[in-house]
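Asks: Each residue of the sequence shown is one higher than the one before, counting from 1 in UniProt numbering.
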Amino acid sequence: MKKWLQKGRFLSLFAMLALLLMGCGDPTLSALVPQGEVADKQFQLMLISISIMILVLVVVFVLYAFVLLKFRKRKGDESTPKQVEGNHMLELLWTVIPILLLIILAVPTVMRTFEFSADAKPASKNELSIKVTGHQYWWEFEYPKEELITSQELVLPADTKVHVELSSADVIHSFWIPSLAGKTDTNPGDKNKNYMWFDTGSKTDVVYKGKCAELCGASHALMDFKVRVVSKEDYKDWVASYKATDGKSSANANGQQVFEKNCLSCHAVGQEGGNTGPSLTGFGDKDRVAGILDHDKENLEKWIKDPQEVKPGNNMPKVNLSDEEIDAVADYLLGLKLK
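1. Would you tell me roughly how many angstroms separate the C-alpha atoms of methionine 142 and valine 269, rounded to the nearest one?
2. Considering only DSSP beta bridges, list what cysteine 212 is partnered with.
3. Could you tell me the boundaries of the beta strand (DSSP E) in which tyrosine 137 lies?
4. Taking the alpha helix (DSSP H) that threonine 109 falls in, what are its first and last residues?
5. By how many angstroms is the C-alpha of proline 317 removed from the C-alpha of glutamate 147?
6. The beta strand (DSSP E) with valine 227 in it runs from where to where?
7. For tryptophan 94, count the other beta carbons within 10 Å of its own beta carbon; 16 or more makes it buried, fewer makes it exposed. Which is it?
8. What does lysine 181 pair with, by DSSP beta-bridge criteria?
9. Between which residues of its own chain and aspartate 205 is the CB-CB distance below 7 Å, once the five residues before and five after are set aside?
10. Tell me glutamate 153's beta-bridge partners as DSSP assigns them.
11. Could you spell out the range, first to last residue, of the beta strand (DSSP E) harbouring residue 340?
12. Would the beta-carbon of glutamine 136 fall within 8 Å of that of glycine 217?
13. At what residues does the alpha helix (DSSP H) containing leucine 166 begin and finish?
14. Which of the three DSSP states, helix, strand or coil, is assigned to valine 206?
15. Along the chain, where does the beta strand (DSSP E) containing phenylalanine 283 start, and where does it finish?
16. What would DSSP say about isoleucine 130, mapped onto helix, strand or coil?
17. Against chain C, does glutamate 260 count as a neighbour if the rule is that its beta carbon must be under 8 Å from one of theirs?
18. Does the Cβ-Cβ distance between glutamate 301 and alanine 330 come in under 8 Å?
19. Here's the rule I'm using: 16 or more other beta-carbon atoms within 10 Å means buried, otherwise exposed. How should phenylalanine 71 be labelled?
20. Got a sec, what are the start and stop residues for the beta strand (DSSP E) isoleucine 194 sits in?
21. Out of curiosity, what's the CA-to-CA distance linking phenylalanine 14 and threonine 160?
22. Tell me, please, whether the region 182 to 192 touches the region 231 to 247 by the rule of three or more beta-carbon pairs shorter than 8 Å.
23. Measure how close the beta-carbons of aspartate 199 and glycine 210 come, nearest whole angstrom, since I'm counting them as under 8 Å.
24. For a test of the three-state rule: what should DSSP assign to proline 27, helix, strand or coil?
25. Determine contact between the region 98 to 113 and the region 61 to 71, defined as no fewer than three beta-carbon pairs at a distance below 8 Å.
26. Applying the criterion that 16 or more other CB atoms from any shown protein chain within 10 Å of the CB defines a buried residue, is phenylalanine 10 buried or exposed?
27. When DSSP labels each residue in this structure, what does proline 81 get in the three-state scheme?
28. Give the straight-line distance between the Cα atoms of isoleucine 130 and serine 174, rounded to the nearest whole angstrom.
29. Just to confirm my understanding: we take valine 33, look at its own chain, exclude 5 residues before and 5 after, and list those with CB closer than 7 Å. What are they?
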């Protein structure tokens, strides 16, 4: 009896913790707080499916409780229950009802799928287009119309329909902004591009978090990015500032020399540099190092010294720099601000 009491207490405690943890979460990383047209329509599909599942659950439990109580064995009753080999009406019901429920769920789902696919195409000249490229383990965002490339942070104007072209530089990734749209794979190769679209919603000065939703390697869980939605006026100002920013920083001239000698072949700053690694234009204005660490000098130096310790399996080589050179480069990067 004591064992049953102990198990009951454990289950009660577990249930209470489960209910408590269900309330924990990030509203900027949730499909349950939809923003924009696509996210809202996908959320409606979720409500339909959840409603059907709850209905089925309630009916099953009610029938189970009814049978359990009505046909339970009574004290002193030693008779053998009547054996029923089959009931054609019941068999018909539990075959037809699931089919009807699946139809109810399938019709709006298929309609939405065709609706989203119809507009998932390359944008026209007057529409906002973003080319997204997945890397192990970071995201590259190209704005063809604005002629600029960013990394890890996607800045977009509010109340705007965004057409997205998706590809990968290495393995299959999956582009996902839970609050704005569902998941879409990024495939390697120019012939395997995917397209999607979403609406940025009416809120401004808000940041939504994005994730890679496809297991892509050791640091898949660390492949985060941000989507910052601003007003249309602020978006124009941001584009102008980004394009005007160069690689000059007053923070540390020596650090700039070390960076240009060792890092510029992979990382672009302004109009100069390579595209093997993330663009570091305006790095001083970002709020994360490597997309996951707090934006401070200590974490930046930690990342430069040993990238594999922070993101195992990433493609950034370990640079052969002294502590003094790493300190100088960190000061230089933190001083790179948008103009």
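For each residue, glycine too, the CB sits at the ideal point set by N, CA and C. Fair warning: this is a prediction, and the values are worked out from it, not measured in the lab.
Replies: Per the coordinate set shown:
1. The sequence shown places glutamate at residue 142, rather than the methionine named in the question. Each residue's Cα considered, the two are about 15 Å apart.
2. Phe175
3. Note, tyrosine 137: premise wrong, no beta strand (DSSP E); not H, not E.
4. 88 to 119
5. 28 Å
6. 224 to 230
7. exposed
8. As written in the sequence, residue 181 is alanine, which differs from the lysine given in the question. DSSP output for alanine 181 lists Ile177 as bridge partner(s).
9. Val230
10. Lys226
11. Because the chain here runs from 1 to 339, residue 340 falls outside it and cannot be looked at.
12. yes
13. No alpha helix (DSSP H) contains leucine 166, which is instead part of the beta strand (DSSP E) from 161 to 168.
14. strand
15. Premise fails: phenylalanine 283 is in no beta strand (DSSP E) and is neither H nor E.
16. strand
17. No chain C appears in the structure shown, which is made up of a single protein chain.
18. yes
19. exposed
20. Note that residue 194 is asparagine in the sequence shown, not isoleucine. Its beta strand (DSSP E) spans residues 194 to 199.
21. 44 Å
22. no
23. About 15 Å; that fails the 8 Å criterion.
24. helix
25. no
26. exposed
27. coil
28. 15 Å
29. Pro27, Ser179
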